[in-house]
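Its first residue numbered 1428, the sequence shown is counted upward by one per residue in this note's numbering.
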Amino acid sequence: MQSTLLDNAVSQFSRLPGIGHKTALRLVLHLLRQDAEDVRAFIEALSTLKSEVKYCKMCHNISDTEICPVCADKSRDASMICVVENVQDVIAIERTQQYRGLYHVLGGVISPMDGVGPADIEIDSLVQRVVCNNNDVVLGKENVTAIKEIIFALPSTMEGDTTNFYISRRLETMPDLKLSVIARGISVGDELQYADEVTLGRSILNRVPL
């Protein structure tokens, strides 16, 4: 008779995306073979992640602090904001080492079929970020950089294009604001996180007007 404890652990691992029963069983058996201290460190890392991880107040990227390292880095070009769907896309673009601006993580794309509308993702905060920054520059506030370009790096899907269009309409009244979309080196229907680094890097460098 198989252990109920084993079954429960396998069931929990199977809930992870991309993890089937066989893979879950292999992972659980691997943990059973590890030292108790290693297993405790593994569990503690997950528990700490869940309880202490934060989302950047500026861009909504995952962070250990209120402001993420990218937004806090004074060497980054604060005049450019790259709009992405999720945190995985930030990681993918950063790996290319071709982009030195800031980010804005929407947390999804507009998808009426899935019940996701503009109010369900971080579009309002993006618009407010652009408007407030550029108004502060007009008012002469110190240490504020005008946002000159929004780069759309959303999936090349109908939902991604719909989101691009909606945001562009929200920002069309902003003077001297350039809107661009990454070059379509990414295949239609592909997710950014699965693109190879060379293709993704070239897409960023060869972005075109929206």
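For every residue, glycine included, the Cβ atom is placed at its ideal position computed from N, Cα and C.
Item	Value
Can you give me the C-alpha to C-alpha distance between M1428 and D1434, rounded to a whole angstrom?	Residue placement at M1428 is poorly supported in this model, since its pLDDT is 47, which falls under 50; the coordinates are not used for a value here.
In angstroms, rounded to a whole number, what distance separates the CA positions of G1628 and L1619?	11 angstroms
On the criterion of 16 or more Cβ atoms from any shown chain inside 10 Å, does V1564 qualify as buried, or is it exposed?	exposed
Alpha carbon to alpha carbon, what distance is there between T1600 and G1445?	43 angstroms
To which residues of the same chain is E1549 closer than 8 angstroms at the C-beta, ignoring the five residues directly before and after it?	H1487, H1531, V1532, L1533 and G1534
Between the alpha carbons of N1560 and E1521, how many angstroms are there, rounded?	24 angstroms
If you reduce the DSSP assignment to three classes, tell me which class M1540 lands in.	helix
Among the residues of its own chain, which have a CB less than 6 angstroms from the CB of N1633, if the five just before and after it don't count?	A1610
For D1504, count the other beta carbons within 10 Å of its own beta carbon; 16 or more makes it buried, fewer makes it exposed. Which is it?	exposed
Within this structure, are the beta carbons of T1590 and L1581 separated by less than 7 angstroms?	yes
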